[in-house]
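Residue numbers (the numbering used here): 1 to 187.
These notes are about the structure you will find just below.
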């Protein structure tokens, strides 16, 4: 799933290089993505991640992914299955996209907040913030590479629907250009 997400991000920006799963940053993400899912017993963490990865690869909906989590949910924790499904899917997609953008030398990234007004105000206040690809977004809760950063705590990552987008400034495109152009005034 991580590889597919990275490949999709590369395609979005018109890149032709295959996504490099051996990239040290991609490998570090995969090793570090071990935040425990409280809904699932510690012995079932990896089977749930494997099952969710299979579901994402098959293009399953959040409800279908939730059903996968429910198969492993601890008694009394079933109500959190949708949160786990949404969180794991969105985290993997955002972080793989970020790696894909980095691998194709996208110069900037933008935080896209999704959710009702007032939902995680520290996320909605980030909507539209654009920074260099290698820098972190500064939120009230810390400094992060984008939505789904592995160092985020549950208050930032659980059920977050924010996304990261590539930003290319007109005039800074590589030879041949990008299919996506965003223009904004610099301060």
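We treat Cβ as the ideally placed atom computed from N, Cα and C, and that holds for glycine.
Remember, it's a predicted structure, so these values are computed and weren't measured experimentally.
- Query: Across which residues does DSSP place residue 135 in a beta bridge pair?
  - Reply: Against the chain shown, residue 135 aligns to sequence position 135. Answer is none; residue 135 lacks a bridge partner.
- Task: If I'm right that residue 70 touches residue 78 with Cβ under 8 Å, what's the distance once you round it to whole angstroms?
- Result: Numbered from 1 along the chain shown, position 70 holds the residue referred to as residue 70. Numbered from 1 along the chain shown, position 78 holds the residue referred to as residue 78. Residue 70 to residue 78, Cβ: 6 Å. Contact.
- Query: Using DSSP with H/G/I as helix, E/B as strand and the rest coil, what is residue 72?
  - Reply: One-based indexing of the chain shown puts residue 72 at position 72. Residue 72: coil per DSSP, three-state reduction.
- Grab the span of the beta strand (DSSP E) containing residue 163 for me, first residue to last. Here residue 163 refers to the residue found at position 163 of the chain shown. In the DSSP annotation of this structure, the continuous segment of the beta strand (DSSP E) that includes residue 163 starts and ends at 163-167.
- Using the C-alpha atoms, what's the distance from residue 47 back to residue 187? On the chain shown, position 187 is the one that residue 187 refers to. On the chain shown, position 47 is the one that residue 47 refers to. With a pLDDT of only 40 at residue 187, under 50, the local geometry of the prediction cannot be trusted, and the value read off the model is given with reservation. Between residue 187 and residue 47, the C-alpha separation is close to 49 Å.
- Please say whether residue 164 and residue 102 have beta carbons closer to each other than 8 Å? For the purposes of this step, residue 102 is taken as residue 102 along the chain shown, with counting starting at 1. For the purposes of this step, residue 164 is taken as residue 164 along the chain shown, with counting starting at 1. Their beta carbons are not under 8 Å apart, which means residue 102 does not touch residue 164 by this criterion.
- Would a C-beta distance cut-off of 8 Å place residue 113 and residue 127 closer than the cut-off? For the purposes of this step, residue 113 is taken as residue 113 along the chain shown, with counting starting at 1. For the purposes of this step, residue 127 is taken as residue 127 along the chain shown, with counting starting at 1. Residue 113 is a Cβ neighbour of residue 127, given a cutoff of 8 Å.
- Message: Using only the alpha-carbon positions, how far apart do residue 137 and residue 144 sit?
- Response: Position 137 of the chain shown, counted from the start, is the residue given in the question as residue 137. Position 144 of the chain shown, counted from the start, is the residue given in the question as residue 144. If I take the Cα positions, the gap works out to 5 Å.
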